[in-house]
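In this note's numbering, the protein residues as written are 99 to 427.
Just below is one structure, and these are the notes that go with it.
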């Protein structure tokens, strides 16, 4: 059966969006347009800087450029349509369009989860195993990890999307969301969704729990290593940077967990809609800011490129980590 189309009478869905209050739509349009513009400028700027600056052609920045690419794709799946929904009355999306949007959402969301775990491991090696960093985190390994990330993303996307659209949809067709997310779409199925919800919970946990575990273990080792630094100044800088990373990670994974990794994800539609804004729209804007903040290498590359003052984004560089690690007692 091809996505349950033989049993489907619904040919389109109606997305209710974030609000039905006309006076709020203009303000929200301006806010989300600004966020989307900052997302594109920040992430495209990082990709361009990394590709054109030879000092930034390292494993860490290669992974950061992939994260920026994922963030652009992820944000572009949702934000343009959300912006249009604030301007026009027609909120419909075709059945096929809903399938494509959900598939892309799962692909990029899964990829981001896996990539954040890889980046955390990269930082663990840079701080805790600095002498072996270039041996362990070789360019070929990074490329293979990115390929695996996309392969896993495609697999999870195919399973989860097929899990949703193999069910029959015969009406109603109103989705209480601003995009075709899994829980609100499942509510419209004309058959029992118990198995589908179990599959959703299982695969969501399969993606998030291991990646969160890798991130927490990596940062635990990083924080221990930082604590052993002799320089209070180096400690303060490293703790500050790690805190900013962990804050964004908590926002991303916290919202994902609350929406998908729960026994009954259909029970809090309005709550989930607000949470979804964080991992679909806000986090892609914050990532290039947080993962390059106070980065000497990025600042130097910007100066070399004779670019005007823009977004200063930062991740502790390998050089910074090396300096801190050399002082570990």
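Even glycine gets a Cβ: it sits at the ideal position worked out from N, Cα and C.
As the structure is a computational prediction, the values presented were derived from the model and not from experiment.
Secondary-structure assignment with DSSP links residue 273 through a beta bridge to 113. Taking C-beta separations shorter than 7 Å and ignoring five residues to either side along the sequence, the partners of residue 117 in its chain run 123 and 126, following chain order.
By the CB criterion at 8 Å, residue 167 and residue 110 fall outside the cutoff. Between the region 147 to 157 and the region 211 to 219 there are fewer than three C-beta pairs closer than 8 Å, too few to call the two in contact. Ranked by how close their Cα comes to the Cα of residue 161, the residues 177, 215, 182 and 114 have 215 in first place. Within a 10 Å sphere around the beta-carbon of residue 253 sit fewer than 16 other beta-carbons, which makes this residue exposed. Judged by DSSP secondary structure, residue 190 falls within the beta strand (DSSP E) whose first and last residues are 190 to 192. In summary, residue 330 is exposed, with fewer than 16 beta-carbon neighbours lying within 10 Å of its beta-carbon over all protein chains present. Taken through DSSP and simplified to helix, strand or coil, residue 390 comes out as strand. Distance check between residue 272 and each of 190, 165 and 210 places 190 closest, using alpha-carbon atoms only. Taking the Cβ atoms as the reference, residue 276 lies roughly 7 Å from residue 371, within the contact range of under 8 Å. Here the C-alpha atom of residue 229 lies approximately 9 Å from the C-alpha atom of residue 223. Following the DSSP letters along the chain, one finds residue 281 inside the alpha helix (DSSP H) bounded by residues 280 to 284. In terms of CA proximity to residue 113, 195 leads the group 376, 195, 387 and 165. Taking C-beta separations shorter than 7 Å and ignoring five residues to either side along the sequence, the partners of residue 213 in its chain run 161, 164, 165, 168 and 247, following chain order.
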